[in-house]
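> Numbering of the first sequence is given in full-length UniProt numbering, commencing with residue 1 and proceeding in unit increments.
Think of the CB as a built atom: it goes at the ideal place given N, C-alpha and C, for glycine as much as any other residue.
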Amino acid sequence: MADQITVTLPDGSQKQAPRGTTIADFVRDSIGAGLAKAALFARVNGQDMDLARPLTEDVKLQIFTSKSPEGLELIRHDAAHVVASAVQRLFPGTQVTIGPATEEGFYYDFFREKPFTPEDLEKIEAEANKEIASNLPFVRTEISMDEAIKLFEDKGEKFKVEIVKDIAAKGAKTLTLYTHGEWVDFCLGPHAPSTGKIGVIKLLSTSGAYWRGDHRNPMLQRIYGTAFFDKKALQEYLNRMEEARKRDHRKLGKELDLFHFHPYSPGAAFWTPKGTTLYNTLAAFMRRMTSETGYVEIKTPLLYNKGLWETSGHWGKYKENMFLVLDNDTGEHDFSLKPMNCPSHHLYYGFKKHSYRDLPLRLHTQDVLHRNEAAGSLGGLTRVRQFAQDDAHIYCMESQIPDEVRRFVQLLDRVYKAVGLSYSVKLSTRPEKRLGDDSLWDRAEAGLKSALESLGLEYELKPGDGAFYGPKIDFDVSDSIGRKWQLGTIQLDYLAPERFDLTYIGDDNAEHRPVVLHRAIFGSFERFIAILIEHFAGAFPAWLAPVQAVLVTVADRQRDYALEVRDQLRAKGYRVDYDERGLTLNAKIRDAQLQKIPFTLVIGDNEVDGGGVSPRRYGGEDLKTMKLEAFEALLEKEAAWP
RNA sequence: GCCGACAUAGCUCAGUCGGUAGAGCAACUGAUUCGUAAUCAGUAGGUCCCCAGUUCAAAUCUGGGUGUCGGCUCCA
Numbered sequence: 001m002a003d004q005i006t007v008t009l010p011d012g013s014q015k016q017a018p019r020g021t022t023i024a025d026f027v028r029d030s031i032g033a034g035l036a037k038a039a040l041f042a043r044v045n046g047q048d049m050d051l052a053r054p055l056t057e058d059v060k061l062q063i064f065t066s067k068s069p070e071g072l073e074l075i076r077h078d079a080a081h082v083v084a085s086a087v088q089r090l091f092p093g094t095q096v097t098i099g100p101a102t103e104e105g106f107y108y109d110f111f112r113e114k115p116f117t118p119e120d121l122e123k124i125e126a127e128a129n130k131e132i133a134s135n136l137p138f139v140r141t142e143i144s145m146d147e148a149i150k151l152f153e154d155k156g157e158k159f160k161v162e163i164v165k166d167i168a169a170k171g172a173k174t175l176t177l178y179t180h181g182e183w184v185d186f187c188l189g190p191h192a193p194s195t196g197k198i199g200v201i202k203l204l205s206t207s208g209a210y211w212r213g214d215h216r217n218p219m220l221q222r223i224y225g226t227a228f229f230d231k232k233a234l235q236e237y238l239n240r241m242e243e244a245r246k247r248d249h250r251k252l253g254k255e256l257d258l259f260h261f262h263p264y265s266p267g268a269a270f271w272t273p274k275g276t277t278l279y280n281t282l283a284a285f286m287r288r289m290t291s292e293t294g295y296v297e298i299k300t301p302l303l304y305n306k307g308l309w310e311t312s313g314h315w316g317k318y319k320e321n322m323f324l325v326l327d328n329d330t331g332e333h334d335f336s337l338k339p340m341n342c343p344s345h346h347l348y349y350g351f352k353k354h355s356y357r358d359l360p361l362r363l364h365t366q367d368v369l370h371r372n373e374a375a376g377s378l379g380g381l382t383r384v385r386q387f388a389q390d391d392a393h394i395y396c397m398e399s400q401i402p403d404e405v406r407r408f409v410q411l412l413d414r415v416y417k418a419v420g421l422s423y424s425v426k427l428s429t430r431p432e433k434r435l436g437d438d439s440l441w442d443r444a445e446a447g448l449k450s451a452l453e454s455l456g457l458e459y460e461l462k463p464g465d466g467a468f469y470g471p472k473i474d475f476d477v478s479d480s481i482g483r484k485w486q487l488g489t490i491q492l493d494y495l496a497p498e499r500f501d502l503t504y505i506g507d508d509n510a511e512h513r514p515v516v517l518h519r520a521i522f523g524s525f526e527r528f529i530a531i532l533i534e535h536f537a538g539a540f541p542a543w544l545a546p547v548q549a550v551l552v553t554v555a556d557r558q559r560d561y562a563l564e565v566r567d568q569l570r571a572k573g574y575r576v577d578y579d580e581r582g583l584t585l586n587a588k589i590r591d592a593q594l595q596k597i598p599f600t601l602v603i604g605d606n607e608v609d610g611g612g613v614s615p616r617r618y619g620g621e622d623l624k625t626m627k628l629e630a631f632e633a634l635l636e637k638e639a640a641w642p
């Protein structure tokens, strides 16, 4: 065996080093002291490792520092360890479980009787940051599984023992331990060389969380936090969160007077005239988009006998989420509000015999749906019990699937682009709880995959996330706080046609089964509006704005003219108000700006004399006096549907 | 549904040790008629979320319920 090994760096350059040199030594001696100081961990032949590990063979080596997202993720994981050790020092008897890094920070789940208070959090944060200041090294060791089980049993860490036993059951022979200061935990690693690399830890909130995410398991106390390399980056993050809070659709919904909730109907919105305008505009926009692309709209009943749900399979799989309605004649809950439109559409399809020439048949519906969501999961417009989807079902031949999926994705892309939303794509495959045999699932999943690939779309695979009746493609957009929401979806369904005995007559004059595609673009109007409110921060483009222009007069003597202008613009179909309140011009302009109305039209004696208006855009841009016709032309352009 | 916090005027919020509730904005009335982000003055507005309990006395303490918020589970 040679004494030297070859190390290949990301730029392709190669360096020699004595076998057994630690990564840290190699970086310092062969690359440079600067990088050695900045280094956090290494990727060796694709595997992440501590810098203290030795290099024993020819390797590809990549070093990560605070400059990389991977570096940030690493210190957040380090931070979770530090927080756990701080908690156990401050609150003896608390058991530890797990604490991973997340997209925005990290969390750690503890088991103890009492939840953590905000004051506890402050103390823990101070203690954790003290450990950073102490710059304790993270030391990696390996022990046997038996030793590990004994170690955590002696510490009384029941949850850790459970995890170690699981790992042992999977065949692991040794366990990696990381120690900083007095505190030890098992962990795959890697970790930074020492706690000092973390920078700063900020604890954000606490909550309950089930052990292993299962609601039958004990409730753990979760601490959420985040970590950054320096205080400036932390402050920027906190500022961003503050900015996001200002855009929260619940806050803006109040300020812009869009919707209300009442305790007598939790999870169901009251829409104000402005909110209703927004809602109806989106509904009309979607109707135009769907009718342009070959859909027909139908309306169906809201209330159904349970026989329908037995046919569809919902009675068995979805009953706990449905609102049941007592039938006075039978005294039984024989009826239920529909939680989705598909079964109604299937019944509708069955009203007449279909020829292959009818296909694809694309049925669109915007009816109200009810789902009895868990009380604790309701929130604003994003999670409600009553909502409407821009729902549609496409009945087609199997051979038409790729084309229909492609057409749908193009439509969805057009709608999201119209409002400036970007999205990511997920393909979800068969879940454990499912109906139908595996050969159907094989064909369904292959059908969606081939459509996505023919479109050249990048997508993430989500095994097990499909609906119980078929696989699906989901389209996620992000809101202003970085939360991802699933809006658009297209789900393939071979099963419903079987259960509802749907058929068409083919060109061979024989009966065949159609395939059903469930699809939605907004997802729900409620959730879509919430995302739009946050996306635009309440300043809607003119085509969506509930009020497109507000008239303000300098003095009361321009009132008649203002009313004339208002009525003329209204007659052209624009949404225009006249602010008649006896306030100063400045006050009325301020109010129009706070309401984020696209145009404020100032009218004084000059405008009356010249037959014009002086528009001011939301944001303050003064467009100077123009003829009313000129403003109409401007509005026509800006308020046009995308 | 589970864990925790919270609930006071239309909105945002204050209210000390348990002694019967306040501000700003909004509304209303009057005056002001003003040229691009708050004119002035006055008036009115409360089942302190609901139901019990403790107490001479409850917005305040206790129990239960409802709702909201942050999470968990679930999800459009």
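Could you check the C-alpha separation between D327 and H333 for me, to the nearest Å?
The residue labelled residue 327 in the question sits at position 327 within the first sequence. The residue labelled residue 333 in the question sits at position 333 within the first sequence. Between D327 and H333, the C-alpha separation is close to 6 Å.
> Kindly indicate which three-state DSSP category I23 falls into: helix, strand or coil?
The sequence position of residue 23 within the first sequence is 23, counting from 1. If DSSP states are grouped into helix, strand and coil, I23 belongs with the helices.
> Considering just the uninterrupted stretch of the beta strand (DSSP E) at N305, what are its terminal residues?
Numbered from 1 along the first sequence, position 305 holds the residue referred to as residue 305. Note, N305: beta strand (DSSP E), L303 to N305.
> Span of the alpha helix (DSSP H) holding C187?
To locate residue 187, count along the first sequence from 1; it is residue 187. For C187, there is no enclosing alpha helix (DSSP H), as DSSP marks it with neither H nor E.
> Please report the straight-line C-alpha distance between P402 and L412, rounded to a whole angstrom.
Locating residue 402 in the first sequence gives position 402, where the first residue counts as 1. Locating residue 412 in the first sequence gives position 412, where the first residue counts as 1. Each residue's alpha carbon lies about 15 Å from the other.
> Starting from the Cα of K462, find the closest Cα among D474, D48 and Q593 and give me that residue.
As a position in the first sequence, residue 462 is number 462, starting the count at 1. The residue from D474, D48 and Q593 with its alpha-carbon nearest to that of K462 is D474.
> Label G316 either buried or exposed according to how many other C-beta atoms from any shown protein chain fall within 10 Å of its C-beta, with 16 as the threshold for buried.
Residue numbering aside, residue 316 sits at position 316 when the first sequence is read from its first letter. By the neighbour-count rule (16 or more Cβ atoms within 10 Å), G316 is not buried but exposed.
> Using three-state DSSP, classify F159 as helix, strand or coil.
As a first step, residue 159 is located in the first sequence; it is residue number 159 there, counting from the start. If DSSP states are grouped into helix, strand and coil, F159 belongs with the helices.
> So, with DSSP's three-state summary, where would you put E534?
Indexing the first sequence from 1 puts residue 534 at position 534. Helix.
> Rounded to the nearest angstrom, what separates K624 and L635 at their Cα positions?
Locating residue 624 in the first sequence gives position 624, where the first residue counts as 1. Locating residue 635 in the first sequence gives position 635, where the first residue counts as 1. Approximately 15 Å between the Cα atoms of the pair.
> Under the three-state reduction of DSSP, which class applies to F335: helix, strand or coil?
The sequence position of residue 335 within the first sequence is 335, counting from 1. Strand, per DSSP.
> Apply the 10 Å Cβ neighbour rule to Q568 and answer buried if 16 or more other Cβ atoms are within range, or exposed otherwise.
The count along the first sequence starts at 1 and reaches residue 568 at position 568. Classification of Q568: exposed, given that the 10 Å Cβ count is below 16.
> Given V82, which residues of its chain have a CB within under 8 Å of its CB, disregarding the five upstream and five downstream residues?
In the first sequence, residue 82 corresponds to position 82, counting from 1. Closer than 8 Å at the Cβ level, and outside the excluded window around V82, lie A128, E131, I132, H180, T195, I198 and I201.
> Assuming K637 contacts G611 (C-beta within less than 8 Å), just tell me the rounded distance between them.
To locate residue 637, count along the first sequence from 1; it is residue 637. To locate residue 611, count along the first sequence from 1; it is residue 611. About 21 Å separates the two Cβ atoms, so there is no contact after all.
> Mind reading off the beta-carbon distance from K484 to E460? Whole number of angstroms is fine, and I expect it under 8 Å.
Position 484 of the first sequence holds residue 484. Position 460 of the first sequence holds residue 460. Rounded, the Cβ-Cβ distance is 11 Å, inconsistent with contact.
> Distance check for K254 and I533, CA to CA, integer angstroms please.
As a position in the first sequence, residue 533 is number 533, starting the count at 1. As a position in the first sequence, residue 254 is number 254, starting the count at 1. Computed Cα separation, rounded: 12 Å.
> Three or more C-beta pairs closer than 8 Å, one from the region 8 to 21 and one from the region 54 to 61: is that the case here?
yes
> Only counting the same chain, and skipping five residues up and downstream in sequence, which positions put a Cβ closer than 7 Å to that of E153?
Along the first sequence, read from residue 1 onward, the residue named residue 153 stands at position 153. Counting only Cβ-Cβ distances below 7 Å, and skipping sequence neighbours, we find V161.
> Can R430 and P497 be called in contact, C-beta distance under 9 Å?
Counting from one through the first sequence, the residue named residue 430 turns up at place 430. Counting from one through the first sequence, the residue named residue 497 turns up at place 497. No, the Cβ-Cβ distance between R430 and P497 is not below 9 Å.
> Starting from V608, follow the alpha helix (DSSP H) in both directions and report where the run begins and ends.
Counting from one through the first sequence, the residue named residue 608 turns up at place 608. Run containing V608: D605 to G610, per the alpha helix (DSSP H) assignment.
> Could you round the C-beta distance between L544 and F522 to whole angstroms and report it? I think they count as a contact, below 8 Å.
Within the first sequence, the letter at position 544 stands for residue 544. Within the first sequence, the letter at position 522 stands for residue 522. Wrong, their Cβ atoms sit about 13 Å apart, outside the cutoff.
> Are there three or more Cβ pairs, one per stretch, closer than 8 Å when the region 370 to 381 is compared with the region 393 to 402?
no
> What residue range is occupied by the uninterrupted beta strand (DSSP E) comprising P546?
For the purposes of this step, residue 546 is identified with residue 546 of the first sequence, where counting begins at 1. From DSSP, P546 is part of no beta strand (DSSP E); its letter is neither H nor E.
> Round the Cβ separation of L378 and P514 to the nearest angstrom and send it over; I've been treating them as touching at under 8 Å.
Against the first sequence, residue 378 aligns to sequence position 378. Against the first sequence, residue 514 aligns to sequence position 514. The Cβ separation is near 37 Å, so there is no contact.
> Just how far apart, CA to CA, sit Y237 and S355?
Counted from its first residue, the first sequence places residue 237 at position 237. Counted from its first residue, the first sequence places residue 355 at position 355. Taking the straight line from one Cα to the other gives about 59 Å.
> For T365, name the three-state secondary structure that DSSP assigns.
Position 365 of the first sequence holds residue 365. Here T365 sits in strand by DSSP.
> What do you get for L594, buried or exposed, if any count of 16 or more other CB atoms within 10 angstroms of its CB means buried?
The residue labelled residue 594 in the question sits at position 594 within the first sequence. Classification for L594: exposed.
> What are the boundary residues of the beta strand (DSSP E) that L452 is part of?
On the first sequence, position 452 is the one that residue 452 refers to. Judged by DSSP secondary structure, L452 falls outside any beta strand (DSSP E) and instead within the alpha helix (DSSP H) spanning D438 to L455.
> Quick check on A126: does DSSP put it in helix, strand or coil?
Looking up residue 126 in the first sequence gives position 126. Three-state DSSP puts A126 in a helix.
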